[in-house]
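Quick note: the sequence shown uses the UniProt record's numbering, first residue 1, plus one each step. Glycine included, C-beta positions come from ideal geometry on N, C-alpha and C.
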Amino acid sequence: MSQKLAGMLYQEDINFESALNLWGSLDAKINLLKNVYKNPKKHYTILSFVEILQENGESIFEPKVIHKIQKEVQTIIELPKHHNMVVGSLGSDTLVVVDPRQKIVYYETVIIKNDNDYSKQKKVIEAYPSEVIVYDSPLAEEPRKFEIKWESKVKKSVLTTGPDLLEDIKNDLIRDGYVTANRLINDILPALMNTYIRQDLAEIKTDIETPGFFHNPSTNEIIGVNYDLTGSVHEELKQGLEILNDLVKYYTGNETKLATIFKWGLISPFIYSKKQQGNWTPWPYLYGKAKSGKTTLGQMVLYMWGEPDQNNDLTGSGFDTVARVGGKISQSTFPIVVNEPAGAFQRVSVTEMLKGAIERTISRGRYEGRRFTNIPSFNPVVLTANTFVPDDDALIRRLLVINFTHNEKKSDKEIEAFETEWQTKNHKKCKFNLLKPISQAAALEYTSDSTLWDLDWKELADILIKRIYADVNMEVPGWLYNWSKSESMEDMDEEHREDIRIFLLDQINRAYGRVQVLDPETGATKLDDYNENLKGVNKFKEKVWTVLNERLIAWMIPIEQKNTKYVCFTIGFKKEIHHELKVCQPLKGLAELMGWKYTKVRLPKDQKVIKIQMDKFMNFLYPSND
Numbered sequence: 001m002s003q004k005l006a007g008m009l010y011q012e013d014i015n016f017e018s019a020l021n022l023w024g025s026l027d028a029k030i031n032l033l034k035n036v037y038k039n040p041k042k043h044y045t046i047l048s049f050v051e052i053l054q055e056n057g058e059s060i061f062e063p064k065v066i067h068k069i070q071k072e073v074q075t076i077i078e079l080p081k082h083h084n085m086v087v088g089s090l091g092s093d094t095l096v097v098v099d100p101r102q103k104i105v106y107y108e109t110v111i112i113k114n115d116n117d118y119s120k121q122k123k124v125i126e127a128y129p130s131e132v133i134v135y136d137s138p139l140a141e142e143p144r145k146f147e148i149k150w151e152s153k154v155k156k157s158v159l160t161t162g163p164d165l166l167e168d169i170k171n172d173l174i175r176d177g178y179v180t181a182n183r184l185i186n187d188i189l190p191a192l193m194n195t196y197i198r199q200d201l202a203e204i205k206t207d208i209e210t211p212g213f214f215h216n217p218s219t220n221e222i223i224g225v226n227y228d229l230t231g232s233v234h235e236e237l238k239q240g241l242e243i244l245n246d247l248v249k250y251y252t253g254n255e256t257k258l259a260t261i262f263k264w265g266l267i268s269p270f271i272y273s274k275k276q277q278g279n280w281t282p283w284p285y286l287y288g289k290a291k292s293g294k295t296t297l298g299q300m301v302l303y304m305w306g307e308p309d310q311n312n313d314l315t316g317s318g319f320d321t322v323a324r325v326g327g328k329i330s331q332s333t334f335p336i337v338v339n340e341p342a343g344a345f346q347r348v349s350v351t352e353m354l355k356g357a358i359e360r361t362i363s364r365g366r367y368e369g370r371r372f373t374n375i376p377s378f379n380p381v382v383l384t385a386n387t388f389v390p391d392d393d394a395l396i397r398r399l400l401v402i403n404f405t406h407n408e409k410k411s412d413k414e415i416e417a418f419e420t421e422w423q424t425k426n427h428k429k430c431k432f433n434l435l436k437p438i439s440q441a442a443a444l445e446y447t448s449d450s451t452l453w454d455l456d457w458k459e460l461a462d463i464l465i466k467r468i469y470a471d472v473n474m475e476v477p478g479w480l481y482n483w484s485k486s487e488s489m490e491d492m493d494e495e496h497r498e499d500i501r502i503f504l505l506d507q508i509n510r511a512y513g514r515v516q517v518l519d520p521e522t523g524a525t526k527l528d529d530y531n532e533n534l535k536g537v538n539k540f541k542e543k544v545w546t547v548l549n550e551r552l553i554a555w556m557i558p559i560e561q562k563n564t565k566y567v568c569f570t571i572g573f574k575k576e577i578h579h580e581l582k583v584c585q586p587l588k589g590l591a592e593l594m595g596w597k598y599t600k601v602r603l604p605k606d607q608k609v610i611k612i613q614m615d616k617f618m619n620f621l622y623p624s625n626d
């Protein structure tokens, strides 16, 4: 029987040392065990426990005793089920199992019946985490991030994900084809990381890893992360200030706008640390004529702290959903530029998110698996647009709205001369790089002087400018003290009213162009110049009435009530204004904007319209000083 048992131990892949321990407890012959392990084919055949415990073909034990002996022996000699695996709990009867040998992560449902194991495993990730680094920032607003190296049998190269949120790591695994059970990955991934942390298989880093400037409440200091704070050389700083004077030559007559954006850019990486202490700073919204220098000012801000790239110089399409915005403004505390952001502001969810992101340290929250995570609002943003301005009073109050007019438009020759000198398209040779010593000096001042931290953002910028110029014994130029006034909704309302007046004139002009006026005597078509006839008020009123009376504009309908003529604007007017002028207001809002009446009129059934007396409408279209 001893020989049979020795053969069974060898067959079950039990190493000699473990078998020897069992052998000693059974008081069996050690030499016999050695012989079986040295010459296995000669000494054993595959037998069951029942056969082993037989003599002369008859069992020497009852079945219950055999079962008990088998269980005890297996307890001693069998490897644990999850030997050399990483196992974590998902619940009372579910496990996450990592098999480094097979390089697979499993979801296991534990099923034990009558002391038998019927557990089932389902493959979830065809890779396993060979190395995990957890970034636990001391900042309450910054979520925990993970950097994971994944090894797999389906791909020879190692996949490195992060540092990132688990949601983004999950998407990376799905994208690269490692996930085989999408339904389970949301539960498996957090449980897997928590298991690595609990079993000391993950490296924990508690330093701030996000680049930028942060206020550490525990030490009451401003920390600069991944930024050189050694200070700039005197000659380089002086050269940077001289370069700034060269730049102002291209903004003759508009020096104030240059000063405003430059000073905002100078304090932009500190905006998050100011929000940590309850002081928020508006984001610049530069809009107006193309080729007027808006984008160039945004590029200048980027060069002050780094270089433009795909992560900080964005088009509107990369900044038009809650997820995209959240991802972009949680990279660092350094500024980013978004060109043509109309798509973002046409989504209510994105607009509401940005309102909060400007004022608060958190931009949004989301669930990662079953855990709610906050997404921080680190990066300040410069927004540039040719025409679109968001029609939201609460948002406008949080922006520094600056309009660039037709007079500021640069000719092709001026643009070519500027590009030749400044080389904005060559990131290494661009002269904006020479402004970096100014930014470096500002960062050194801000991080070393706590009296600056609670100042209003404009006051902070002005003080930094004075100190930087004083460091090189230069006098601050007068234009650099100035600030542009942000446009208010009242300013924009006036602009919208004028845009609507011009739009209506254009529509009436186009409609009247389709009218043929015949000479009653000859029957020939009269030639009628619209612009020329505007000189006569009465003639103009006749034209307007002709267009209205002929119903040539579907959403502009004349009516008469109690011997008084009115013009009614239906819902189609709102749609045209939205489409042509990008004025996003409901019909009632347009009535309030214009100072007209929003009421119910039968046309032929009752409907809400904007209503204005005909005489007042004529005076609005063609104001006169009579």
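Q: Kindly give me the distance between the Cβ atoms of Pro284 and Leu383, rounded to whole angstroms, as I take these residues to be in contact under 8 Å.
A: As a position in the sequence shown, residue 284 is number 284, starting the count at 1. As a position in the sequence shown, residue 383 is number 383, starting the count at 1. With a beta-carbon spacing of about 7 Å, Pro284 and Leu383 fall inside the 8 Å limit used to define contacts.
Q: Could you check if Arg198 is buried or exposed, using at least 16 other CB atoms within 10 Å of its CB as the buried criterion?
A: Counted from its first residue, the sequence shown places residue 198 at position 198. Arg198 is classed as exposed because its beta carbon has fewer than 16 other beta carbons within 10 Å across all chains shown.
Q. Between the region 95-114 and the region 204-216, are three or more C-beta pairs nearer than 8 Å?
A. No, the region 95-114 is not in contact with the region 204-216.
Q. Where does Ser268 fall in DSSP's three states?
A. By 1-based counting over the sequence shown, the position of residue 268 is 268. If DSSP states are grouped into helix, strand and coil, Ser268 belongs with the helices.
Q.
Tell me the DSSP secondary structure of residue 631 in three-state form.
A. The requested residue 631 is not part of the displayed model; the chain covers only 1 to 626.
Q: Could you check how far apart the C-beta atoms of Ala181 and Val124 are, in whole angstroms? I think they sit under 8 Å.
A: Sequence index remark: in the sequence shown, residue 181 carries index 181 (1-based). Sequence index remark: in the sequence shown, residue 124 carries index 124 (1-based). That belief holds up - the Cβ atoms of Ala181 and Val124 are roughly 5 Å apart, short of 8 Å.
(Q) For the structure I just gave you, are there three or more beta carbon pairs, one from the region 313-322 and one from the region 333-340, closer than 8 Å? (A) Yes, the region 313-322 is in contact with the region 333-340.
Q. What did DSSP end up calling Phe345 once you bin it into helix, strand or coil?
A. As a working note, residue 345 is residue 345 in the sequence shown. Three-state DSSP puts Phe345 in a helix.
Q | Gly288 (DSSP reduced to helix, strand or coil) | A | Indexing the sequence shown from 1 puts residue 288 at position 288. Collapsing the DSSP output to three states places Gly288 in a strand.
(Q) If you follow the beta strand (DSSP E) that Ala385 is in, where does it begin and where does it stop? (A) By one-based count along the sequence shown, residue 385 stands at place 385. 381-385 is the extent of the beta strand (DSSP E) around Ala385.
Q | Identity of the residue in Pro211, Pro282, Ser486, Leu444 nearest Ser137 by Cα | A | Locating residue 137 in the sequence shown gives position 137, where the first residue counts as 1. Taking only the C-alpha atoms, the option nearest Ser137 is Pro211.
Q. When you compare only the Cα positions, how much space is there between Leu504 and Asn226?
A. Along the sequence shown, read from residue 1 onward, the residue named residue 504 stands at position 504. Along the sequence shown, read from residue 1 onward, the residue named residue 226 stands at position 226. Those two C-alpha atoms are separated by around 55 Å.
Q | Per-residue DSSP class, three states only, for Ser232 | A | In the sequence shown, counting from the first residue as 1, residue 232 sits at position 232. Residue state for Ser232 is assigned as coil, using DSSP reduced to three classes.
Q) Taking buried to mean at least 16 other C-beta atoms within 10 Å of its own C-beta, is Leu527 buried or exposed? A) The residue you call residue 527 lines up with position 527 of the sequence shown. Unreliable placement is indicated for Leu527, whose pLDDT of 49 sits below 50; the coordinate value is still reported in the next sentence. Taking every protein chain shown into account, the CB of Leu527 has fewer than 16 other CB atoms within 10 angstroms, so this residue is exposed.
Q) Candidates Asn433, Trp555, Leu399: which alpha carbon is nearest Leu302's? A) Here the question's residue 302 lines up with position 302 in the sequence shown. If we check each option's Cα against that of Leu302, Asn433 comes out closest.
Q | Collapsed DSSP secondary structure at Tyr622 in the structure displayed | A | One-based indexing of the sequence shown puts residue 622 at position 622. Tyr622: coil per DSSP, three-state reduction.
**Q.** Pairwise C-alpha distance: Trp150 and Phe262
**A.** Position 262 of the sequence shown, counted from the first residue, corresponds to residue 262. Position 150 of the sequence shown, counted from the first residue, corresponds to residue 150. About 44 Å.
Q: Give the DSSP-derived three-state secondary structure of Tyr128 in the structure shown.
A: Numbered from its first residue, the sequence shown carries residue 128 at position 128. In this structure, Tyr128 counts as strand in the three-state DSSP scheme.
Q.
Here's the rule I'm using: 16 or more other beta-carbon atoms within 10 Å means buried, otherwise exposed. How should Ala140 be labelled?
A. For the purposes of this step, residue 140 is taken as residue 140 along the sequence shown, with counting starting at 1. Around the beta carbon of Ala140, a 10 Å sphere encloses fewer than 16 other beta carbons of the protein chains shown; the residue is thus reported as exposed.
Q) Nearest CA to the CA of Ala442: which residue from Ala417, Glu421, Asp471? A) Locating residue 442 in the sequence shown gives position 442, counting from the first residue. Comparing Cα positions, the closest option is Asp471.
**Q.** Cα-Cα separation between Thr281 and Thr546, rounded to whole angstroms
**A.** As a first step, residue 281 must be located in the sequence shown, where it is residue number 281. As a first step, residue 546 must be located in the sequence shown, where it is residue number 546. Going by the C-alpha atoms only, they are around 53 Å apart.
Q | DSSP three-state assignment for Ser273, whether helix, strand or coil | A | Against the sequence shown, residue 273 aligns to sequence position 273. Note: Ser273 maps to helix in three-state DSSP.
Q. Looking only at C-alpha atoms, which of Met353, Asp176, Val233, Val110 sits nearest to Gln440?
A. Position 440 of the sequence shown, counted from the first residue, corresponds to residue 440. Considering only alpha carbons, the answer is Val233.
Q. Any Cβ of chain C within less than 8 Å of the Cβ of His496?
A. Among the chains in the structure shown there is no chain C, since it carries only a single protein chain.
Q: With DSSP collapsed to three states, give me the class of Val65.
A: Stepping through the sequence shown from its first residue, residue 65 is reached at position 65. Correct three-state label for Val65: helix.
**Q.** Where Glu532 falls, given that 16 or more other Cβ within 10 Å makes a residue buried
**A.** As a first step, residue 532 must be located in the sequence shown, where it is residue number 532. The predicted position of Glu532 is uncertain, since its pLDDT is 43 and thus under 50; no value can be drawn from it.
(Q) Less than 8 Å between the beta carbons of Thr583 and Asp391, yes or no? (A) Counting from one through the sequence shown, the residue named residue 583 turns up at place 583. Counting from one through the sequence shown, the residue named residue 391 turns up at place 391. Per the sequence shown, the amino acid found at residue 583 is Val instead of Thr. Yes. Within cutoff.
Q: Give, in chain order, every unbroken run of the beta strand (DSSP E) that is at least 3 residues long and sits entirely within the region 191-235.
A: Segments of the beta strand (DSSP E) lying fully in the region 191-235: 203-205, 212-216, 221-225.
Q: Starting from Phe573, follow the alpha helix (DSSP H) in both directions and report where the run begins and ends.
A: Taking the sequence shown and counting its residues from 1, one reaches residue 573 at position 573. Residue range 571-581 is occupied by the alpha helix (DSSP H) that includes Phe573.
Q: Pull up the distance between the alpha-carbon of Asp529 and that of Thr256, whole angstroms please.
A: What you label residue 529 is simply residue 529 of the sequence shown in a count that begins at 1. What you label residue 256 is simply residue 256 of the sequence shown in a count that begins at 1. Residue placement at Asp529 cannot be trusted, given a pLDDT of 45 that sits under 50; the coordinates are not used to answer.
Q. Can you name the start and end residues of the beta strand (DSSP E) that Thr315 belongs to?
A. The residue labelled residue 315 in the question sits at position 315 within the sequence shown. The continuous beta strand (DSSP E) containing Thr315 extends over residues 313-315.
**Q.** Sequence-distant residues of its chain with Cβ nearer than 7 Å to Trp555 (five each side left out)
**A.** For this step, residue 555 is matched to residue 555 along the sequence shown. Only Phe569, Thr570, Gly572, Phe573, Glu576 meet the Cβ criterion.
Q) Which residue or residues does DSSP assign as beta-bridge partners of Thr161? A) For the purposes of this step, residue 161 is taken as the residue at position 161 of the sequence shown. Answer is Ile148.
Q: Since I believe Val110 is in contact with Asp99 (beta carbons under 8 Å), could you give me their beta-carbon distance rounded to a whole number of angstroms?
A: Reading the sequence shown from its first residue, position 99 is the one you call residue 99. Reading the sequence shown from its first residue, position 110 is the one you call residue 110. Not really, about 16 Å apart at Cβ, beyond 8 Å.
(Q) According to DSSP, simplified to helix, strand and coil, what is Tyr178? (A) By 1-based counting over the sequence shown, the position of residue 178 is 178. Judged by DSSP in its simplified three-state form, Tyr178 adopts coil rather than helix or strand.
(Q) Based on DSSP bridge pairs, tell me the residues matched to Glu108. (A) Numbered from 1 along the sequence shown, position 108 holds the residue referred to as residue 108. DSSP lists Leu95, Gln121 as partners of Glu108.
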